[in-house]
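Residue numbers (the numbering used here): 347 to 445. Worksheet: the structure to be examined is printed underneath.
Right, here's the structure in full:
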């Protein structure tokens, strides 16, 4: 059986640790992450239902409703899927956190 090629994000052999901020739309990208060299390790959403679903779908990952607590976690990049009106402010927070 032919082995499926793993696609790489950012042309690196390193596994990239990703946090998803905004677990409604953000989770639609989760399955794509599984076919790349990306491990989803954290999630953030103000909606408890979304956090509960994330815990079920991504066992072992950190999840919170607090953005500062989320950004303090050890991951390389953020998939930002919050409401459009807050993208700029949230992106600046991510950059200040080194993500």
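Where is the CB? At the ideal position from N, CA and C, for every residue including glycine.
Determine the extent of the alpha helix (DSSP H) in which residue 394 is found, giving its start and end residues.
Translated into positions along the chain shown, residue 394 becomes position 48. First-last of the alpha helix (DSSP H) with residue 394: 394-403.
Go through the segment 357-395 residue by residue and report every complete run of the alpha helix (DSSP H) that reaches 4 residues or more, in order.
Runs of alpha helix (DSSP H) with 4 or more residues, each lying fully within the segment 357-395, are found at 376-380, listed in chain order.
Rounded C-alpha distance that separates residue 381 from residue 359:
Against the chain shown, residue 381 aligns to sequence position 35. Against the chain shown, residue 359 aligns to sequence position 13. One C-alpha to the other measures close to 14 Å.
What span of residues does the beta strand (DSSP E) with residue 408 cover, start to end?
Within the chain shown, residue 408 is the residue found at index 62, counting from 1. DSSP places residue 408 inside the beta strand (DSSP E), whose first and last residues are 408-410.
Which of helix, strand or coil DSSP assigns to residue 443
Translated into positions along the chain shown, residue 443 becomes position 97. Coil, per DSSP.
Would you kindly report the start and end of the unbroken beta strand (DSSP E) that includes residue 423?
The sequence position of residue 423 within the chain shown is 77, counting from 1. Start and end: 423-426.
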